[in-house]
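Have a look at the structure below before the remarks.
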Amino acid sequence: MLDLAIFGQHLLNGVLIGCAYALIAIGLTMIFGVMNIANFAHGEFYMMGGFAAFYLVTLLKLNYFIALPLAVVLVVVLAVAIQQIVFKRLRDAPVMTTTLVTIGLSILLEHVALLLWGPQPQVIPNPFPTRPLSFFGIYTTPLYLFSMAVTAALIVVGHLLIQRTRMGKAMRATFQNREAAALVGVRIDRVYLYAFTFGAALAAAAGAVLGGFIPVEPTMGGVATLKAFVVVILGGMGSFVGAIAGGLLLGLAEALGAGYFSTGWKDAIGFFAVILLLLFRPEGLFKRA
Amino acid sequence: MPDSKPHPIILGAVLAGLLIIPLVVRDEYYLHLFIVSAIFVVVALGLNLIVGYVGQLSLAHAAFFALGAYVSALLFFNLKWSMWIGMPAAAIVTAAVAFALGWVILRVRGHRFVIITVAFAEIMRLVATNWVDLTRGFMGLPGLQIPALYVPGIGAVDVSSKERFYYVVLAAALLSFYICYRLVRSSVGRAFVLVRENEVLAESLGISAFRTCMIAFVVGAALAGTAGALYGHYIGFVSPDLFNFSYITIMLIMVILGGKGTLIGPALGAVVFTFLPELLREASYYRMVIFASILVIATLFMPRGIIFPLVEHLVPRRWRKGHDRAA
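Keeping their order, the protein sequence lines are chains A and B.
Residue numbers 9 to 297, in my numbering, belong to the letters of the first sequence in order.
Residue numbers 852 to 1178, in my numbering, belong to the letters of the second sequence in order.
Right under this line is the structure:
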């Protein structure tokens, strides 16, 4: 007999992790869609967001709610620098070049983090009471609820920015047809910069918010990149809505898979799905062919 | 055309130099580095066929290396089969797996190809970690040994000392080099380059890009599997750590900085980038920072790599070339 409370518990965990996956994957899918780059360094923004928040709270003793947005700002500054120094040169470069450069960048950032902050996992201290809350037999903590609200809100804000603003429109136009977009006056350079920075900001926010209960460590960026790739391919490369749906799907599948089958094998499902989808349905699960 | 036929005297001098290394280098530690270098020469030459010659970025190469190590280790562990059977078995199994994988993925190109190879490597890692009944998971397979070599007329020769095992891996490296040399100078090798440079043109000339890529992919994987078996038996221990992303990174650095699409470049790259990390051991975090920076900078600004252009620059032309066959 399926215990509804336990099922609900897995569902709740799945939605939270799924929102985080979506936040990280949105940037990856946008950089892919707009710049045609599979950015293997994308997860490092998630890692750096976590570390920035951790040190703002512990070292500078900043208020938690000020530290989170400030951490995102710091990562955005770095992302702009990386875009200007490295990614600008990757425009129209072959897949071999872009992939090798982003792999190199990923290892570079990971090891700079190891050098600066050491290998030990850190949990960001937060002001929330640790006493669990219970609804209908499902347990959660205030921090969990806060994280879920923030990630969900950021996804909605991101979606509105893409759908409603001029820059969002320019990004979508660039994704559909770069030459035509440039022809009608879209400044492609600027679209690249904004898409890259925006994606990095969302990933950094995920790192800062989740760092309260998922320990922050230098190697987490690489893992996040792989998960984000799975999400992006589930949702279709370049699709914003696909990344959200794919993130939730992967989060739920993992939570339920770990809950009812095996923690060790749950990751394999995602990678098998990636291979099959890339071979037979590269447009993703959700788009009507 | 890179890698012109070397002058016989140069070739002889290089071979003699390689042969006397254990007599000159008495330090066990440096000898160890030479052995690991030779193993990675085999790996880098294999990766170079795929990345350098047919121009497909495969991130599954380290997984083939680890698979080879596991195949040979499992045969030793469960059936007490020695490395002399384990090594060809590793080559055959990795070649078969590469053929099956290639059959489905060599039909796609670009990002899709790269990401599928990553997914494949991750699945292999998960299998090694989670199929505990077979692989013992994180505990790994310890106690691998280097068996005696039976030489006809002499009998069993113990090759387990570093001085003697060096010759085993040197033979493997030289043989791999020779195989790759013959391969890239054959019509298949010319097809490699044509497919890399212009796939549509190759197809229009009746060269199947799929078949050409498959040859590079399978031979490359078999070399990785062979090297994996040698490495496993030499280190004496096989674990899921072999699937770490750092392995594929260092292999790519060897090939890219060595000079992809040449033979001497990646071979020297394997030696240089086995020694360099060890010599920088004191600064263990710095060294990956340095290498990653070099990888980024070299990919952006030095598409021919560092080592091969350096060789071209330093070694006089008439030394490099015997009777030159312009291609």
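Ideal Cβ positions, reconstructed from N, Cα and C, are used throughout, including at glycine.
Proximal chain A residues relative to residue i, where beta-carbon distance stays under 9 angstroms
| i | result |
| --- | --- |
| N1049(B) | Residues of chain A passing the Cβ test: none, with the nearest at roughly 13 angstroms. |
| V955(B) | I283 and L287 |
DSSP beta-bridge partners of residue i
| i | result |
| --- | --- |
| P993(B) | F1088(B) |
| L117(A) | DSSP, once it has assigned bridges, lists no residue as partnering L117(A). |
| G1006(B) | V1002(B) |
| T148(A) | L141(A) |
| Q130(A) | V224(A) |
Under 8 angstroms between C-beta atoms of residue i and residue j
| i | j | result |
| --- | --- | --- |
| A121(A) | P226(A) | yes |
| I252(A) | L285(A) | no |
| G267(A) | G254(A) | no |
| M245(A) | F40(A) | yes |
| L918(B) | T945(B) | yes |
| F1159(B) | I1115(B) | yes |
| V42(A) | A160(A) | no |
| V231(A) | F279(A) | no |
| I936(B) | L926(B) | yes |
| S114(A) | F59(A) | no |
| F916(B) | A1078(B) | yes |
| A61(A) | L76(A) | yes |
| M938(B) | A1080(B) | yes |
| M1102(B) | H119(A) | no |
| V1089(B) | L995(B) | yes |
| G229(A) | E52(A) | yes |
| L1093(B) | I1157(B) | no |
| F1068(B) | S888(B) | no |
| M179(A) | M38(A) | yes |
| T968(B) | L108(A) | no |
| Y1085(B) | F1016(B) | yes |
| L31(A) | A214(A) | yes |
| F1183(B) | I872(B) | Residue 1183(B) is absent from the model: chain B starts at 852 and stops at 1178. |
Closer than 7 angstroms at the beta carbon, the chain B residues around residue i
| i | result |
| --- | --- |
| L116(A) | V1140, A1143, S1144 and V1147 |
| F95(A) | Those do not exist, as F95(A) stays about 11 angstroms from chain B at its closest Cβ, beyond 7 angstroms. |
Residue of the options minimising C-alpha distance to residue i
| i | options | result |
| --- | --- | --- |
| L24(A) | L108(A), A89(A), P150(A) and F136(A) | P150(A) |
| Y904(B) | A1075(B), H883(B), L1034(B) and V1147(B) | L1034(B) |
| F95(A) | G230(A), L169(A) and T205(A) | T205(A) |
| A1075(B) | L926(B), E1014(B) and A940(B) | A940(B) |
| I132(A) | F143(A), A178(A), A281(A) and G57(A) | G57(A) |
| V164(A) | H18(A), I14(A), L12(A) and A28(A) | A28(A) |
| I45(A) | L19(A), A30(A), H18(A) and M104(A) | M104(A) |
| S270(A) | Y1018(B), V983(B), S1037(B) and T1150(B) | V983(B) |
| D275(A) | A236(A), L201(A) and S247(A) | A236(A) |
| Y147(A) | I283(A), L293(A), F154(A) and N21(A) | N21(A) |
| I283(A) | P1167(B), G1156(B) and A970(B) | A970(B) |
| E291(A) | I32(A), L260(A) and F248(A) | F248(A) |
| A211(A) | I34(A), Q17(A), P135(A) and I14(A) | I34(A) |
| F989(B) | I1148(B), P1128(B) and A979(B) | A979(B) |
| L1119(B) | M1153(B), L1161(B) and Y1082(B) | L1161(B) |
| A1072(B) | E879(B), F950(B) and W932(B) | F950(B) |
Proximal residues of chain A, C-beta to C-beta of residue i below 7 angstroms
| i | result |
| --- | --- |
| Y1136(B) | H119, L122 and L123 |
| T986(B) | Within chain A, no residue comes near T986(B); the closest Cβ sits about 12 angstroms away, beyond 7 angstroms. |
| G961(B) | V103 |
| F1096(B) | G230 |
Amino acids of chain A, ordered along the chain, whose beta-carbon sits closer than 8 angstroms to that of residue i
| i | result |
| --- | --- |
| L908(B) | V103, M104, T107 and L108 |
| T1150(B) | T105, L108, V109 and G112 |
Proximal chain B residues relative to residue i, where beta-carbon distance stays under 8 angstroms
| i | result |
| --- | --- |
| L234(A) | V969 and E973 |
| I59(A) | Checking the sequence shown, residue 59(A) turns out to be Phe, not Ile. The premise fails here: F59(A) is roughly 15 angstroms from chain B at the closest Cβ pair, so nothing lies under 8 angstroms. |
| I241(A) | I966 |
Residues that residue i contacts on chain B, provided the C-beta gap is smaller than 9 angstroms
| i | result |
| --- | --- |
| P133(A) | The premise fails here: P133(A) is roughly 26 angstroms from chain B at the closest Cβ pair, so nothing lies under 9 angstroms. |
| P290(A) | V959 and R963 |
| F237(A) | I966, V969 and A970 |
*Contact residues within the region 1100-1122 of chain B, judged by C-beta distance below 7 angstroms to chain A*: Of all residues in the region 1100-1122 of chain B, T1100, L1103 and I1107 have a Cβ within less than 7 angstroms of some Cβ in chain A.
*Contact set between the region 1068-1093 of chain B and chain A, restricted to residues whose Cβ is under 8 angstroms from the partner*: Only those residues of the region 1068-1093 of chain B whose C-beta falls short of 8 angstroms from the nearest C-beta of chain A would be listed, and there are none.
*Going along the region 965-981 of chain B in order, which residues come within less than 8 angstroms of chain A, judged by CB to CB distance?*
If the cut-off is 8 angstroms between Cβ atoms, the region 965-981 of chain B has V965, I966, I967, V969, A970, F971, E973, I974, L977, V978, T980 and N981 near chain A.
*Give the residues from the region 186-217 of chain A that approach chain B closer than 9 angstroms (Cβ to any Cβ), ordered along the chain.*
Taking 9 angstroms as the upper bound on Cβ-Cβ separation, chain B lies near no residue of the region 186-217 of chain A.
*Return the residues of the region 265-288 of chain A that lie within a Cβ-Cβ distance of less than 8 angstroms from chain B, sorted by chain order.*
Taking a C-beta cut-off of 8 angstroms against chain B, the contacting residues of the region 265-288 of chain A are S270, G272, W273, D275, A276, F279, F280, V282, I283, L286 and L287, listed in chain order.
_Residues of the region 42-55 of chain A in Cβ contact with chain B at a cutoff of 9 angstroms, in chain order, please._
Answer set for the region 42-55 of chain A: N44, I45, A46 and F48.
*asked:* Under 8 angstroms, CB to CB, which of the residues in the region 992-1003 of chain B have a partner in chain A?
replied: Residues are counted here when their Cβ sits less than 8 angstroms from a Cβ of chain A; for the region 992-1003 of chain B the count is zero.
_Short-range partners of chain A found in the region 1003-1032 of chain B, where Cβ spacing is below 7 angstroms_ = Those residues of the region 1003-1032 of chain B that come within reach of chain A (Cβ to Cβ, closer than 7 angstroms) do not exist; the list is empty.
*asked:* Any C-beta of chain A within less than 7 angstroms: which residues of the region 859-884 of chain B qualify?
replied: Here the close residues number zero.
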